[in-house]
Amino acid sequence: MSGFFDQVIERRGTGAIKWDLCSRLYGSDEVLPFWVADMDFPVPGPVLRALTERVEHPVFGYTMARSGVQEAVISRMQHLYGWDIKAGDIQFMAGVVPSMAAAIRSCSSPGDGVICMTPVYPPFYSIVKEEGRTLLENPLLCSDEGEYSIDYDHLEKLASQAAILLLCSPHNPVGRVWSRDELLKVAEICSRYNLTVVSDEIHGEIVFPGKEQIPFATLHNDAASRTITCIAASKTFNVAGLATSVVIGTNPQVFNRYKHELPGISGHANLFGLTALEAAFTSCDSWLEDLLVYLDENRRLVKDFFASLKGGVISANLPEATFLSWLDCSGLGMNDGELQEFFAQKARVGLNAGTSFGPGGAGHMRLNFGCPRALLNEGLERIASAI
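Mapping the sequence shown onto our numbering, position 223 (from 1) lands on 438, and the numbers just tick up by one.
Quick look at the structure:
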């Protein structure tokens, strides 16, 4: 099915943030975008057919999640992880970021500490500050080989000052899939200091061979009782524009507080997002299998390409999950401003600046390889020529 993912689809002029903001962000329409985390692939056929069928009904009023949508989530969690949840454990929201904001508001008070493992997805920082909480940064450890791990000693020091841990699992931007042992160590600290865990698991289905995604809430009963899990079909099935997420909480006391915060944060569910989610979770496994094969080849292409460049001035990690490569560009000898100018103006490719991910991001750039290989190759060649 590689031919399906090889299709180059013109997205300019469709309001696509990834493409139509290039001129404003990077100074030129000629820049090839590899930044914002959506993919340049068509959605799965079952999703497109379900949306088309729903569009043919001419009324688009306020919409609730039908039992079929709830059952799709329940069945998928059981199928993927052996995780038994029920309808009352599910809340549909208009995206993972507002889902996390509601969790912070419901499980802490203004001024409370919220821990983030850095570098991390930029909205982690903004929602903590916008909700009036205190950001506590727990930098990931990075080996000389560019491999990332959790600093448990530092995490424990922060835990005594915190109410919440925001966990990014799998981690964006470094692409780690946390092992069971790693998560259990985190869970032990969270239990000791009575932290609520808000776990962003939006990339949980884009995991490459040899690694296993383990939802934090499935570790044991104590972890389940203190965890609010945020997932979505958006990254996996490329429907981010439909702004629909799923929040799962199996502790009624915690989850009822969460739902109490929603009237001021979340509107009605997006009917097209719910339609797409149900189709994606029930009818698209073969598409996903093919996608993962294609993305696996792309991630290896990126790593091997930079490894082959003379001088080794840029090195790419081999992410265990996501469709995002984390590039160490320190070998170019540029400061971060020069680095961003180099990629945008000289290489004519749009990447995410590592500094936007906070501490640990200096000297890095993030590259989205969720695109047809022809576009990826062109972007890589542009970088090589600029070097």
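Heads up, the beta-carbon is just placed ideally off N, CA and C, and yes, glycines get one too.
All figures in this text were calculated on a predicted structure; none of them were measured in a lab.
Straight-line CA distance for residue i to residue j?
| i | j | result |
| --- | --- | --- |
| A549 | G575 | The displayed chain sequence assigns Met, not Ala, to residue 549. Rounded to the nearest angstrom, the two C-alpha atoms are 16 angstroms apart. |
| N583 | N387 | 11 angstroms |
| C383 | V335 | 8 angstroms |
| L566 | Y241 | 9 angstroms |
| S545 | D551 | 9 angstroms |
| W393 | E596 | 33 angstroms |
| V461 | T411 | 18 angstroms |
| G578 | F496 | 38 angstroms |
| L524 | S440 | 49 angstroms |
| A302 | I598 | 49 angstroms |
| L486 | F275 | 8 angstroms |
| K344 | G527 | 38 angstroms |
| R395 | Q560 | 43 angstroms |
| S217 | I602 | 30 angstroms |
| H272 | H294 | 32 angstroms |
| L506 | E416 | 19 angstroms |
With distances taken between CB atoms, is the gap from residue i to residue j smaller than 8 angstroms?
| i | j | result |
| --- | --- | --- |
| S243 | R563 | yes |
| A316 | E346 | yes |
| A402 | D437 | yes |
| T433 | S414 | no |
| A531 | L547 | no |
| R227 | D235 | yes |
| H418 | P385 | yes |
Leaving aside the five residues before and after residue i along the sequence, list all residues of the same chain whose C-beta is less than 8 angstroms from its C-beta, in chain order.
| i | result |
| --- | --- |
| A491 | V258, V262, A265, L266, A448, F452, V454, L457, T459 |
| I379 | A318, I319, C322, S323, D327, G328, V329, I330, R348, L410, T411, V412, V413 |
| D511 | F423, P424 |
Kindly list the residues whose CB is nearer than 6 angstroms to the CB of residue i, restricted to its own chain and excluding five residues on each side of it in sequence; keep chain order.
| i | result |
| --- | --- |
| S321 | R472, Y473, E476 |
| P467 | none |
| L373 | I330, L351, N353 |
| D255 | C586 |
| P670 | Residue coverage of the chain in this structure runs from 216 to 602, which leaves residue 670 outside it and unanswerable. |
| S571 | P337 |
Please work out which residues of its chain come closer than 7 angstroms, Cβ to Cβ, to residue i, disregarding the five sequence neighbours upstream and downstream, and give them in chain order.
| i | result |
| --- | --- |
| I300 | I289, M292, I463, T465 |
| Y296 | P430, T433 |
| V284 | L489, L492, E493 |
| S498 | P261 |
| E504 | none |
| E397 | I365 |
By DSSP's criteria, residue i is part of a beta bridge. Which residues make up the other side?
| i | result |
| --- | --- |
| I463 | I305, T444 |
| N353 | M332 |
| D543 | S530, H579 |
Within the chosen definition, does the region 590 to 599 reach the region 238 to 256 through at least 3 CB pairs nearer than 8 angstroms?
-> yes
Counting Cβ pairs, one atom from each stretch, are 3 or more of them under 8 angstroms apart for the region 363 to 379 and the region 294 to 310?
-> no
Cβ contact check for the region 417 to 427 and the region 525 to 543: 3 or more pairs under 8 angstroms | yes
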